[in-house]
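For my numbering, add 1105 to where a residue sits in the sequence shown, where the first one is 1. One structure is given below, encoded as structure tokens.
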Amino acid sequence: MPKKQLNKPRKEIQSSNPKDINLDDSNNETQQYYKTNKSSITISKLHENETHAVVFWTIEKKFSVISKVCIHPKPEENIVEGKEYDVSYGKRIYRAILKFKGSYEKCLEIEKSICFNNGTINSSTSQINQDSQKETSSEIEILRRENFECKKKIVELTERLEVELKKNKDALENIRDLENKIENIKLTFNKDELSRILKMCKIFQAIFENEDDHHLNIVPLSEKYPNLFVKPIVRTSITDLINNCKETQASSAFRKIIQLLLPNSIDITTKTAKQIKTTYSNLINPIFEMLNEKDPTFTVREMNLKLNSLIQDYKKISKRQKKIDFDSSV
1106 MPKKQLNKPR KEIQSSNPKD INLDDSNNET QQYYKTNKSS ITISKLHENE THAVVFWTIE
1166 KKFSVISKVC IHPKPEENIV EGKEYDVSYG KRIYRAILKF KGSYEKCLEI EKSICFNNGT
1226 INSSTSQINQ DSQKETSSEI EILRRENFEC KKKIVELTER LEVELKKNKD ALENIRDLEN
1286 KIENIKLTFN KDELSRILKM CKIFQAIFEN EDDHHLNIVP LSEKYPNLFV KPIVRTSITD
1346 LINNCKETQA SSAFRKIIQL LLPNSIDITT KTAKQIKTTY SNLINPIFEM LNEKDPTFTV
1406 REMNLKLNSL IQDYKKISKR QKKIDFDSSV
């Protein structure tokens, strides 16, 4: 550039607003001034290092290189690495995390480096994923086995429940049948008839339970004591003794009745009074009650004394009989 032109005084610009500056073709000096002082940094050069970006898609879990204009920040928000943005791809919007921004070539480099590291260098991460997958597969297999066992148990319990329900149903049907039979029997016999039938059943039961001949043809002692069975002749004798018993005569009547009920002397001589009362309580207790009604002076103490006296008399008779048998044998 000519030296003369460079040393020429600059024209002072009065306005600081670029819109106020007249840059028409006639003002050659002003145009020449702006040409000589024009910056070498252009808008394209300022942004040529950040034309693209590497993003991580949150849905697909993959990396991609996209144009920076596809990133949609909020109004007046700067695009910052590490933040999540709405990113357009095709005709749709997806969510992605900005990992790196720079030139297209640099972004490709970064993407390849990430993929390479994930596949080769960062083998520990791959191993962790493999272990995690193995653990997950093992847990799934355990759950499958447990699920199978649970289903098997459910089937077994269901079958058992069905069996028990059937048993319960059958039992309820049997109960209903028995209730119907009972109702029919109630309609067939009245209460008095049922009472007489029950007594007869007890008599027959007592007859067939005893095999000795002397127990056959037995009858209840009285209506008050239907479970006390004796021979008809014994019942007549006991009834006469009780009916004819007067005051102070019960002790003598008790001795005679016991001799009728226990004719076998061995049963008496081999036991004490307490043992006899325990063994033959079904005989002695009713007799005591009937005699006590006739003679209130006849107490339990009097009954015990009479039993002891009877035992001693039977023992004397037993000894005398043994002596007679011994003398006759000699």
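Don't be surprised by glycine CBs; every beta carbon is placed ideally from N, CA and C. It should be emphasised that the depicted structure is a prediction, and the values quoted were computed from it without experimental measurement.
- In this chain, the beta strand (DSSP E) harbouring residue 1192 covers 1189-1194.
- In this structure, the beta-carbon distance from residue 1392 to residue 1359 falls below 9 Å.
- For residue 1410, the number of other beta carbons within 10 angstroms of its own is below 16, and it is reported as exposed.
- With a minimum length of 3 residues, there is no unbroken run of beta strand (DSSP E) contained wholly in the stretch 1347-1383.
- The C-beta separation of residue 1171 from residue 1192 comes to about 7 Å, placing the pair in contact by the 8 Å criterion.
- Among the bridge pairs identified by DSSP, residue 1160 is matched with 1169, 1203.
- In its own chain, leaving out the 5 sequence neighbours on each side, no residue places its CB closer than 8 Å to the CB of residue 1248.
- By the Cβ neighbour-count rule, residue 1412 is buried, with 16 or more other Cβ atoms within 10 Å of its own.
- Excluding five sequence positions before and after residue 1256, none of the CB atoms of its chain fall closer than 7 Å to its own CB.
- For residue 1326, no alpha helix (DSSP H) encloses it, and the DSSP letter there is neither H nor E.
- Annotation for residue 1403: 1355, 1356, 1359, 1393, 1396, 1397 place their beta carbon closer than 8 Å to its own, counting only its chain and skipping 5 residues before and after.
- Counting along the chain, the unbroken alpha helix (DSSP H) around residue 1391 starts and ends at 1386-1399.
- Within the same chain, and ignoring the five residues on either side of residue 1213 in sequence, the residues whose Cβ sits closer than 8 Å to its Cβ are 1170.
- Taking residue 1177 as the centre and dropping the five residues before and after it, the same chain places the C-beta of 1190, 1191, 1192, 1193, 1198 closer than 8 Å to its C-beta, in chain order.
- The beta-bridge partner set that DSSP reports for residue 1197 consists of 1194.
- DSSP, reduced to helix, strand and coil, places residue 1253 within a helical segment of the structure shown.
- Closest by C-alpha distance to residue 1161, out of 1195, 1329, 1206, is 1206.
- Assignment of beta-bridge partners to residue 1422 by DSSP yields no partner.
- With contacts defined as CB atoms closer than 9 Å, residue 1156 and residue 1209 qualify as a contacting pair.
- Residue 1175 sits buried, since 16 or more C-beta atoms from the chains shown fall within 10 Å of its C-beta.
- Per DSSP, reduced to three states, the secondary structure at residue 1174 is helical.
- The Cβ neighbour count for residue 1268, taken over all protein chains shown within 10 Å, is under 16; the residue is labelled exposed.
- Contact between residue 1343 and residue 1334 is ruled out by a C-beta separation of about 12 Å, above the 8 Å threshold.
- C-alpha of residue 1250 to C-alpha of residue 1272: approximately 33 Å in a straight line.
- C-alpha of residue 1420 to C-alpha of residue 1374: approximately 5 Å in a straight line.
- Rounded to the nearest whole angstrom, the C-alpha separation of residue 1277 and residue 1291 is 21 Å.
- For residue 1246 and residue 1254, the gap between their C-alpha atoms comes out near 12 Å.
- Less than 9 Å divides the Cβ of residue 1387 from the Cβ of residue 1332.
- Within the same chain, 1358, 1396, 1399, 1400 come within 8 Å of residue 1350 by CB-CB distance, once the 5 residues on both sides are set aside.
- Annotation for residue 1352: 1400, 1402 place their beta carbon closer than 7 Å to its own, counting only its chain and skipping 5 residues before and after.
- When C-alpha distances from residue 1159 are compared across 1415, 1216, 1309, the shortest belongs to 1216.
- For residue 1376, the CB contacts under 8 Å within the same chain, skipping 5 residues up- and downstream, are 1384, 1416 in chain order.
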